[in-house]
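One structure is given below, encoded as structure tokens.
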Amino acid sequence: MKKGIFILLILSIFLTGCWNRRELNELGITLAIGIDKSDDEYLVSAQVVVPSEVSMKGGTGATPVTLIKGRGETVYEAIRKMTKGMSRKIYPGHLRMLIISESLAKEGIGDPLDLISRDWELRSDFYVAVARDATAEQILNVQTPLETIPANKMFSTLKVSEENWAATVGVTLDQLITDLRSDGKEAVLTGILVTGNSEIGSSKQNVETITPATSIKLDDLAVFKEDKLVGWLTEDESRGYNGIVNQVKNTVGTVSCPEGGKADIEVLHFKTKVKGIVKNGSPEVDLQVNIEANVGAVECRIDLTKPESIKILEKAYEKAVEETINHSIISVQEKYETDIFGFGNAIHRSNPKEWKTMKKQWNQHFTDLAANVKVDVKILKTGTVNNSVVVKRKD
Amino acid sequence: MLPTVKINSYQFLVLVILFTIGTSILVIPSALAANAKQDAWIAAILGMGIGLLIVWLFTKIGLWFPNLTYIQVNKTLFGKWIGNIFSLLFIFMTFLYTAILLYYSGSFLTIHVMPNTPMAATNILFAIILVMAIRLGLETIARSAEIFIAIFFILFFILVVFIAPEVEFKNIQPVLEIDINKIFQSSLPLIVVSSLNTISLLMIFPAFINRPSSAKKHFLIGNLIGGLIVTIITILCILVLGSDMTALQMFPSYELAKKINIGNFVTRIEAMMAALWIICLYFKMVIYFYAAVFGLAQMFQLKDYRPLTYPLGMIVVILSLVIFPNNLEQSVYDTTIDIYFSLTICLLLPLLMVVVYAIRKKQLQKLRKHRN
Numbered sequence: 006m007k008k009g010i011f012i013l014l015i016l017s018i019f020l021t022g023c024w025n026r027r028e029l030n031e032l033g034i035t036l037a038i039g040i041d042k043s044d045d046e047y048l049v050s051a052q053v054v055v056p057s058e059v060s061m062k063g064g065t066g067a068t069p070v071t072l073i074k075g076r077g078e079t080v081y082e083a084i085r086k087m088t089k090g091m092s093r094k095i096y097p098g099h100l101r102m103l104i105i106s107e108s109l110a111k112e113g114i115g116d117p118l119d120l121i122s123r124d125w126e127l128r129s130d131f132y133v134a135v136a137r138d139a140t141a142e143q144i145l146n147v148q149t150p151l152e153t154i155p156a157n158k159m160f161s162t163l164k165v166s167e168e169n170w171a172a173t174v175g176v177t178l179d180q181l182i183t184d185l186r187s188d189g190k191e192a193v194l195t196g197i198l199v200t201g202n203s204e205i206g207s208s209k210q211n212v213e214t215i216t217p218a219t220s221i222k223l224d225d226l227a228v229f230k231e232d233k234l235v236g237w238l239t240e241d242e243s244r245g246y247n248g249i250v251n252q253v254k255n256t257v258g259t260v261s262c263p264e265g266g267k268a269d270i271e272v273l274h275f276k277t278k279v280k281g282i283v284k285n286g287s288p289e290v291d292l293q294v295n296i297e298a299n300v301g302a303v304e305c306r307i308d309l310t311k312p313e314s315i316k317i318l319e320k321a322y323e324k325a326v327e328e329t330i331n332h333s334i335i336s337v338q339e340k341y342e343t344d345i346f347g348f349g350n351a352i353h354r355s356n357p358k359e360w361k362t363m364k365k366q367w368n369q370h371f372t373d374l375a376a377n378v379k380v381d382v383k384i385l386k387t388g389t390v391n392n393s394v395v396v397k398r399k400d
Numbered sequence: 353m354l355p356t357v358k359i360n361s362y363q364f365l366v367l368v369i370l371f372t373i374g375t376s377i378l379v380i381p382s383a384l385a386a387n388a389k390q391d392a393w394i395a396a397i398l399g400m401g402i403g404l405l406i407v408w409l410f411t412k413i414g415l416w417f418p419n420l421t422y423i424q425v426n427k428t429l430f431g432k433w434i435g436n437i438f439s440l441l442f443i444f445m446t447f448l449y450t451a452i453l454l455y456y457s458g459s460f461l462t463i464h465v466m467p468n469t470p471m472a473a474t475n476i477l478f479a480i481i482l483v484m485a486i487r488l489g490l491e492t493i494a495r496s497a498e499i500f501i502a503i504f505f506i507l508f509f510i511l512v513v514f515i516a517p518e519v520e521f522k523n524i525q526p527v528l529e530i531d532i533n534k535i536f537q538s539s540l541p542l543i544v545v546s547s548l549n550t551i552s553l554l555m556i557f558p559a560f561i562n563r564p565s566s567a568k569k570h571f572l573i574g575n576l577i578g579g580l581i582v583t584i585i586t587i588l589c590i591l592v593l594g595s596d597m598t599a600l601q602m603f604p605s606y607e608l609a610k611k612i613n614i615g616n617f618v619t620r621i622e623a624m625m626a627a628l629w630i631i632c633l634y635f636k637m638v639i640y641f642y643a644a645v646f647g648l649a650q651m652f653q654l655k656d657y658r659p660l661t662y663p664l665g666m667i668v669v670i671l672s673l674v675i676f677p678n679n680l681e682q683s684v685y686d687t688t689i690d691i692y693f694s695l696t697i698c699l700l701l702p703l704l705m706v707v708v709y710a711i712r713k714k715q716l717q718k719l720r721k722h723r724n
């Protein structure tokens, strides 16, 4: 009897282990998926890595990725239909980018996103972006220098740009779904666009010149109302948005000097606190922004050996940030009437009772909402020199 | 007579901890967040407190007769016929819960790890080690639990430390938005799963423990530690995923493990974390199954419980496969029928026992003296 059990156990280990096996050379590792819609059908394109071309040994000179397309009434159907043109099944476990075309985003992204969140193979650590003035397919059809795999290029660009310039936001699927479902915050997504000749873009030729004929660039933020795209922010507004939602890590701001000319402020630390208040039944938000910065560059005559000059620059930058933030709030209120800043959530946190009554018509409340912005800038250092090099020479 | 083994009270503590955490760690955060939203952690603490009261009641019942298991207590209190009917209900419940837990483990594995594998395969494998453990006896179970709890706490510690950078305190505000009634309501599943069902442990406590009086303390402490761990997991789920995502997920704590990302280097370790749930699920299942098998043997006064293990093991596998047609039925069952079922058997019956005991106290004491 004991022997019998033993044999059964051994057998069960060996027999079940390979039940669902999928070897690496059977997987079509997909790093980016693009979703378009035309004629009531989804067109899904997947950027699949060609393993032999990205291996250390070096490839044969063929493209490092290939684009597989599928059409279907649903996203899932389209993805499965891809196997008609491909020897391997799509494996999206390492997905980096999900690109949605602008026209589909205008119709609504809720439905196609469902599969993406339901499928077990997908994780939620990839970025979602909107293809501006282009189809998702066109975006995925461009070869890129530096990073051989375009999807990785987009992913890293988004990350680097978010950390150093702060006009873009890397929105992961989780965040997007949370925003779409939340009553107090609407979604935004970064736009992505193709410049140049898109025909050359897909061939290896594109990366053979120093200036690529075609390149993919990040663009400003797309504003959503519920799950529909309603418009785009400008670059300044995008930066204002990032400031409000406390997503600025590092950026550069330009201020005008009192005697003309410009100076650059390098922001090292940027912290925004949003506090919701309800005054006489109408919601308001207090924004307290604390910035620590360095002087990055001085292109004007200002005497940086005097502490007062620092004060002047601080005041100037405070004003600039305040204007940027106010401008983005007002323009979103006027143009799109959708609370992308999450002020609703701030009210929810501070005044849960009042929120209950406001929640239903929140976007209307949002348009009349007053924001009190307070900015506090501290300039800590002036870089490696004190006065501007130009000033010294003229003395 | 059935074989008598004794485990020490530390081993019992370990079993209580694992039993309390059991399935709660996997599914309870979602159940709590569905109603209590960002106040789910308050519901968890509340549930833990009420749960402790219930466990205290169980220890009281257990210690009336330090040498008898729950089945025998039933018989002594209610007499042969009524007692056996109640015992049968109890055995039925523990047996059913074994199958449901087997379903849980199967569906967890087939949803997240091996989607093309039929559930029968995973469940049979699980049932084999389940039957094996029961056949080896309580002492082996307790000793292996001692080893596995170390692994459990190491993994748990890793999970908590590694997920800490993802925490966002905004997610937990506003505190106490939901009114206290609703919080109480939503803590009910936790009370049922983590505390009410510990009645199964009355098959071990106090009859098979060498020092029952210190085991009483350990019963309570074990339940407290288990409850704390579930609370911590719930708080982390809310803090990291937000209440909405927590409620949306089927297995939120697995989703939590997916979020771990330390410098793009320590990532994708959720499969390792799954060991946490498998350990807890397994020991909870073992205790249920032990209670069912041993209880049945005791009720029919068999010489040995081992002959029952194979047939019951087979029935459990089949039951686990047919019990829910799909996972929606399971979640409907979990939130409705299961709660009333457990409430009846694990709360109503023990309360009835208290009443009967109070009435028959003197008579029973005479009986005991007479026996001695």
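Chains A and B, in that order, are what the protein sequence lines are.
Its first residue numbered 6, the first sequence is counted upward by one per residue in this note's numbering.
Its first residue numbered 353, the second sequence is counted upward by one per residue in this note's numbering.
Cβ coordinates follow ideal geometry from the N, Cα and C atoms, glycine included.
The beta carbon of B:Met445 does not come within 8 Å of any beta carbon belonging to chain A, so the residue lies off that interface. Unbroken alpha helix (DSSP H) stretches of 4 residues or longer found wholly inside the segment 635-678 of chain B: 661-674, given in chain order.
When the alpha-carbon of A:Asp291 is set against those of A:Leu178, A:Ile330, A:Thr239 and A:Glu191, the nearest one is in A:Ile330. Note: A:Leu198 is bridge-paired with A:Lys222 in the DSSP secondary-structure output.
Note that the C-beta distance between B:Val465 and B:Ala623 is below 8 Å. Residues of the segment 99-126 of chain A with a Cβ closer than 8 Å to any Cβ of chain B, in chain order: Trp125. If you look at B:Ala516, you'll find it isn't in any alpha helix (DSSP H); DSSP assigns it neither H nor E. Within the same chain, Cβ atoms closer than 6 Å to the Cβ of A:Glu304 are found at Gly266 and Lys267, the five residues on either side in sequence being excluded. Contact between the segment 168-177 of chain A and the segment 127-135 of chain A is present, with at least three C-beta pairs closer than 8 Å. When secondary structure is reduced to three states using DSSP, B:Leu440 falls in the helix class.
Annotation for A:Ala37: Ala51, Gln52, Leu100, Arg101, Met102, Leu103, Ile104, Leu145, Pro155, Ala156 and Met159 place their beta carbon closer than 8 Å to its own, counting only its chain and skipping 5 residues before and after.
Approximately 7 Å separates the beta-carbon atoms of B:Phe635 and B:Leu367; this is inside 8 Å, confirming the contact. Under the 8 Å criterion on CB atoms, B:Asp596 is classed as interfacial with respect to chain A. Taken in chain order, the members of the segment 356-378 of chain A whose beta-carbon sits within less than 7 Å of a beta-carbon on chain B are Pro357. Going by DSSP, B:Pro558 is part of no beta strand (DSSP E) at all; its letter is neither H nor E.
Taking every protein chain shown into account, the CB of A:His274 has fewer than 16 other CB atoms within 10 angstroms, so this residue is exposed. About 14 Å separates the beta carbon of A:Asp225 from that of A:His332, a gap too long to meet the 8 Å contact definition. Residue ranges of uninterrupted alpha helix (DSSP H) with 4 or more members, entirely inside the segment 359-402 of chain B and ordered along the chain, are 361-373 and 376-388. Scanning B:Thr688, B:Leu701, B:Glu681 and B:Asn468 for the CA closest to the CA of B:Tyr456 turns up B:Glu681. A contact between stretches requires three or more CB pairs, one per stretch, nearer than 8 Å, and the segment 607-623 of chain B fails this requirement with the segment 427-434 of chain B. Around the beta-carbon of A:Lys42, 16 or more other beta-carbon atoms lie within 10 Å, marking it buried. Out of A:Val228, A:Ala351 and A:Ile352, the CA that lies nearest to the CA of A:Glu339 is found in A:Val228. Under the three-state reduction of DSSP, B:Lys610 is assigned to helix. Under the DSSP assignment, A:Ile384 falls in the beta strand (DSSP E) whose first and last residues are Ala375 to Lys386.
Counting C-beta atoms within 10 angstroms of its own C-beta, A:Asp344 has 16 or more neighbours from the protein chains shown and is therefore classed as buried. Ranking A:Gly115, A:Ile205, A:Lys222 and A:Leu223 by CA distance to the CA of A:Asp184 puts A:Gly115 first. A distance below 6 Å between beta-carbons, with the five flanking residues on each side excluded, links A:Ile352 to the following residues of its chain, in chain order: Gly281, Pro288 and Trp360.
Contacts with chain A at 8 Å (Cβ-Cβ) include B:Gln525. Apart from sequence neighbours up to five positions away, no residue of its chain approaches B:Thr696 with a beta-carbon distance below 7 Å. Straight through space, the alpha carbons of B:Pro517 and B:Met651 are spaced by roughly 53 Å. B:Pro663 is outside the set of residues whose beta carbon lies under 8 Å from a beta carbon in chain A. Under the Cβ criterion of 8 Å, B:Pro467 is counted among the residues facing chain A. In this structure A:Asn299 is in contact with A:Lys386, their Cβ atoms being roughly 5 Å apart against a cut-off of 8 Å. For the pair B:Glu520 and B:Phe444, the Cα-to-Cα distance works out to about 44 Å.
Look at A:Thr183: its C-beta is under 8 Å from a C-beta on chain B.
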